Every structure is written in C-alpha cells, then in structure tokens.
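S.K.: Numbering (the UniProt record's numbering), first residue to last: 1 to 121.
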Amino acid sequence: DDGVVSNPGQLPCYRFVAGGCDCASIPAATLHRVLSTDEDALRPFLSAQRRVIAAEEEHNRRDAEEAEREARANETAPVDRLRRTVVEALSRGGHVGCPDCGERGQKNDACMHMSCRCGTR
Numbered sequence: 001d002d003g004v005v006s007n008p009g010q011l012p013c014y015r016f017v018a019g020g021c022d023c024a025s026i027p028a029a030t031l032h033r034v035l036s037t038d039e040d041a042l043r044p045f046l047s048a049q050r051r052v053i054a055a056e057e058e059h060n061r062r063d064a065e066e067a068e069r070e071a072r073a074n075e076t077a078p079v080d081r082l083r084r085t086v087v088e089a090l091s092r093g094g095h096v097g098c099p100d101c102g103e104r105g106q107k108n109d110a111c112m113h114m115s116c117r118c119g120t121r
C-alpha cells in the first residue's frame, strides 16, 4: 500500500458527497492535509463516513438476524420431529413407531417424553 486510501466512488474521499465521488484515489497524506485545513471538506467527509458506517452496521445486523434465524431453524428441527411423534402417538391411542428404528411403542401417562429400546428419546 503506497498510502492510497480510496478508490473512485469509495471512502475515505474528502470530495465524497451526495452518494458518490468523481475523484481518483488520493494519497493518505493529501487526504489528511485537506481534512485538517479545510472545514468545508471535513463536514461532507464525516457525513459520508457516518453513512458508510450506518450502512455497514445495518448489513451486519441483517447478517446476524439471518444467522440467528438459521440457528433457530436448526435448533427447532429435533423439537418439531418430537412434536410430530407425540401428536401421532396421541392420535393413535398412544401407540407410535420410533422415528429411528420404526418399532411401535406406547406412550403412557401424561408425560410428553417417549423412549424406545433402541435408545431414541
């Protein structure tokens, strides 16, 4: 890296306003000099920087939400399978096939748990 801090249309660029810039990459020393001496250049730069940070945070938030949804879906799959098994057992008078080995067993009492000789619960 030779001190260049941006590409056309990317931050940081002191001329970044209204969603874009028309300049080429600028050396870091030039950016620092301009921002430290020109208050009119600093304001749009900081504003653009805040927009970019907000956009990145929104993107990260959406990624985290999607990952959480996927994790929840993976967590609920065994619960959903158990729920279907219990509902099936109740609808058949307490007799149901094991989801793993298929052996039919009986659900007894009011307990929602079932276990099979093969070890499946």
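Backbone N, C-alpha and C define an ideal beta-carbon position, used for all residues, glycine too. What you are looking at is a predicted structure, and each value in this text was computed from that prediction instead of being measured.
Rounded to the nearest angstrom, what separates Pro99 and Glu68 at their Cα positions?
M.R.: Pro99 and Glu68: Cα-Cα distance of roughly 27 Å.
S.K.: Please state if the CB of Ala41 and the CB of Val34 are separated by a distance shorter than 7 Å.
M.R.: Their beta carbons are under 7 Å apart, which means Val34 touches Ala41 by this criterion.
S.K.: Report the residue ranges of all alpha helix (DSSP H) runs contained in full by the region 27–72; include only those spanning at least 4 residues, in chain order.
M.R.: Within the region 27–72, the complete alpha helix (DSSP H) runs of at least 4 residues are 28–37.
S.K.: Alpha carbon to alpha carbon, what distance is there between Ala89 and Arg117?
M.R.: Between Arg117 and Ala89, the C-alpha separation is close to 16 Å.
S.K.: Does the Cβ of Leu31 have 16 or more other Cβ atoms within 10 Å, making it buried, or fewer, making it exposed?
M.R.: Looking at its Cβ environment, which holds 16 or more other Cβ atoms inside 10 Å, Leu31 is buried.
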